[in-house]
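Just so you know, the protein sequences line up as chains A and B, in that order. So the first sequence is numbered by this note's numbering: it starts at 1 and just counts up by one. So the second sequence is numbered by this note's numbering: it starts at 1001 and just counts up by one. In this text, a Cβ means the ideal position worked out from N, Cα and C, and glycines have one as well. Since this is a predicted model, take the numbers as computed values, not measurements. Below is one structure, written out as structure tokens, with a few remarks after it.
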Amino acid sequence: DGGITQSPKYLFRKEGQNVTLSCEQNLNHDAMYWYRQDPGQGLRLIYYSQIVNDFQKGDIAEGYSVSREKKESFPLTVTSAQKNPTAFYLCASNIALGEEQYFGPGTRLTVT
Amino acid sequence: QKEVEQNSGPLSVPEGAIASLNCTYSDRVSQSFFWYRQYSGKSPELIMSIYSNGDKEDGRFTAQLNKASQYVSLLIRDSQPSDSATYLCAVSGTDKLIFGTGTRLQVFP
Chain A
1 DGGITQSPKY LFRKEGQNVT LSCEQNLNHD AMYWYRQDPG QGLRLIYYSQ IVNDFQKGDI
61 AEGYSVSREK KESFPLTVTS AQKNPTAFYL CASNIALGEE QYFGPGTRLT VT
Chain B
1001 QKEVEQNSGP LSVPEGAIAS LNCTYSDRVS QSFFWYRQYS GKSPELIMSI YSNGDKEDGR
1061 FTAQLNKASQ YVSLLIRDSQ PSDSATYLCA VSGTDKLIFG TGTRLQVFP
């Protein structure tokens, strides 16, 4: 089955710790995205990548970092510099910029 | 800042009625338009794509696009309680999709 996987589904961390969220896709999509969603809010773009070894900041990149070493993988690191990291994190991909995006199941991160 | 506007709702409709969800966008050069459904606690699911003016039907769903008015809508016929969710409108920008904040739909029996 083709799709996007995110792991883990739930993640708990202590304040001050960095944490890495996994995103893998086997859809052969070139572009991948990370969004953050807070309760009752819309999607906010953190980072996106059009091709391997290249990525761009989205609207709320501060306190986050990404890498794109393989086409299939786009991990997101939430650093201790992110002031309010507790949120629902969504990874998405599409064949090209501007095309329909498909979402993974999400990771719910709680930092205490 | 390119924007996509949606009424946050909730939009409450009785079972069997037509639900009408609306979205306006600011970027006149946008070419692609999408509707996503998001159940509470789940990720968004693509339900409709539309690229040209007019109507596009898929089962109980109809997307309508009017580029001159910068307006896209989603009609859900014969609404069911299982349609209760938040519906996100997304519009293609220069290098990414721009999402609205969503309209919450409640279908009551």
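- When DSSP reads this structure, B/THR1062 sits in a beta bridge with B/GLU1057 and B/LEU1075.
- At least one beta carbon of chain A lies nearer than 8 angstroms to the beta carbon of B/GLY1102.
- Contact annotation: in the segment 1037 to 1068 of chain B, residues whose CB is within less than 7 angstroms of a CB in chain A are SER1043, PRO1044, LEU1046 and SER1049.
- For A/PRO105, the residues of chain B that pass the 9 angstroms Cβ criterion are LYS1042 and SER1043, in the order they occur in the chain.
- From the beta-carbon of B/PHE1034, the residues of chain A found nearer than 7 angstroms are GLU100.
- Residues of the segment 33 to 51 of chain A that bring their beta carbon within less than 7 angstroms of a beta carbon in chain B comprise GLN41, GLY42, LEU43, LEU45 and TYR48, in sequence order.
- When DSSP states are grouped into helix, strand and coil, A/ASP54 belongs to the strand group.
- With 16 or more neighbouring CB atoms inside 10 Å of its own CB, A/ASN94 falls in the buried class.
- Relative to the Cα of A/MET32, the nearest Cα in the group A/GLY58, A/PHE12 and A/ARG13 belongs to A/GLY58.
- A/PRO8 is classed as exposed because its beta carbon has fewer than 16 other beta carbons within 10 Å across all chains shown.
- Put simply, the backbone Cα of A/ALA96 is about 14 angstroms away from that of B/VAL1091.
- For A/THR77, the uninterrupted beta strand (DSSP E) run begins and ends at 76 to 78, by DSSP.
- In chain order, LEU97, GLY98 and GLU99 make up the part of chain A whose C-beta sits under 9 angstroms from the C-beta of B/SER1092.
- Here B/SER1082 carries a helix assignment [DSSP, helix/strand/coil].
- When secondary structure is reduced to three states using DSSP, A/ASN94 falls in the strand class.
- By the C-beta density criterion, A/ARG36 is buried, having at least 16 other C-beta atoms within 10 angstroms.
- Within the model, the alpha-carbon separation for B/TYR1039 versus B/GLU1045 is close to 9 angstroms.
- With respect to the 8 angstroms criterion, B/VAL1004 and B/GLY1102 are not classified as neighbours on the basis of their beta carbons.
- Excluding residues up to 5 positions away in sequence, ALA92 and ASN94 lie with their Cβ nearer than 6 angstroms to the Cβ of A/GLN101 in the same chain.
- Pairing B/LEU1075 with B/ALA1085, the inter-Cα distance amounts to about 14 angstroms.
- Residue-level contact by beta carbon fails for B/LEU1011 and chain A, as no gap is shorter than 8 angstroms.
- The Cβ atoms of B/ILE1050 and B/LEU1065 lie closer than 8 angstroms to each other.
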